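In my numbering, the protein residues as written are 222 to 368.
The structure is reproduced here in structure tokens:
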């Protein structure tokens, strides 16, 4: 499993262009760093959010939210977020391992936000709880440019 200390890689336009439409499902908070919301806006042509940006899809619970994500997505990319984001990420990884979907699952590791979580996953591999060959997660690390 790839750790969180990877090199910074810009997201090329041709990679983004492989998908017809990118939907970013966001929770209720943007976080404190502008880099987090900037990454969401840069990645998503359509931003589905709990805020007033973009199209809002109202759901009754987390199960319906994940079902909507699975229905509309070609891939799952977790941007920096809270418990809900982490639950969604882990469920999409679990669903992949169970064969419920075969879609890519990844992290956009903005300013090292997910380094500790990636280290925890690496520890799970090291201790034999996660099979390295079963890893379905990829990580792209980006650093905010200082002006």
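Glycine included, C-beta positions come from ideal geometry on N, C-alpha and C.
None of the values given here were measured: they were computed from a predicted structure.
Need the endpoints of the beta strand (DSSP E) that residue 326 sits in, please.
If you number the chain shown from 1, residue 326 lands on position 105. Looking at the DSSP string, the run of the beta strand (DSSP E) that includes residue 326 is 326-331.
Would residue 318 count as contacting chain C if we go by Cβ distances under 8 Å?
Looking for chain C here will not work: only one protein chain is present.
Quick one: using the 10 Å Cβ neighbour count with 16 as the cut-off for buried, is residue 362 buried or exposed?
In the chain shown, counting from the first residue as 1, residue 362 sits at position 141. Under this definition residue 362 is a buried residue.
Please report the straight-line C-alpha distance between residue 273 and residue 279, rounded to a whole angstrom.
Translated into positions along the chain shown, residue 273 becomes position 52. Translated into positions along the chain shown, residue 279 becomes position 58. Because the pLDDT of residue 273 is 47, which lies under 50, any placement of that residue in the model is unreliable, and the number read from its coordinates should be weighed accordingly. Taking the straight line joining both Cα atoms gives about 12 Å.
By the DSSP assignment, the beta strand (DSSP E) with residue 288 in it spans what residues?
Stepping through the chain shown from its first residue, residue 288 is reached at position 67. No beta strand (DSSP E) holds residue 288; the alpha helix (DSSP H) holding it covers 283-293.
Residue 293 to residue 336, Cα distance in whole Å?
Here residue 293 corresponds to residue number 72 of the chain shown, with the count starting at 1. Here residue 336 corresponds to residue number 115 of the chain shown, with the count starting at 1. Taking the straight line joining both Cα atoms gives about 28 Å.
Could you tell me how far apart the beta carbons of residue 313 and residue 326 are, in whole angstroms, since I believe they sit closer than 8 Å?
In the chain shown, counting from the first residue as 1, residue 313 sits at position 92. In the chain shown, counting from the first residue as 1, residue 326 sits at position 105. Their Cβ separation, rounded to whole angstroms, is 5 Å, which keeps residue 313 and residue 326 in contact under 8 Å.
Just to confirm the assignment: which complete alpha helix (DSSP H) runs, minimum length 4, are found wholly within the region 300-352?
Counting only runs of 4 or more, we get 304-318 and 336-347.
Check whether the Cβ atoms of residue 299 and residue 309 sit closer than 8 Å, and answer yes or no.
In the chain shown, residue 299 corresponds to position 78, counting from 1. In the chain shown, residue 309 corresponds to position 88, counting from 1. Contact: yes.
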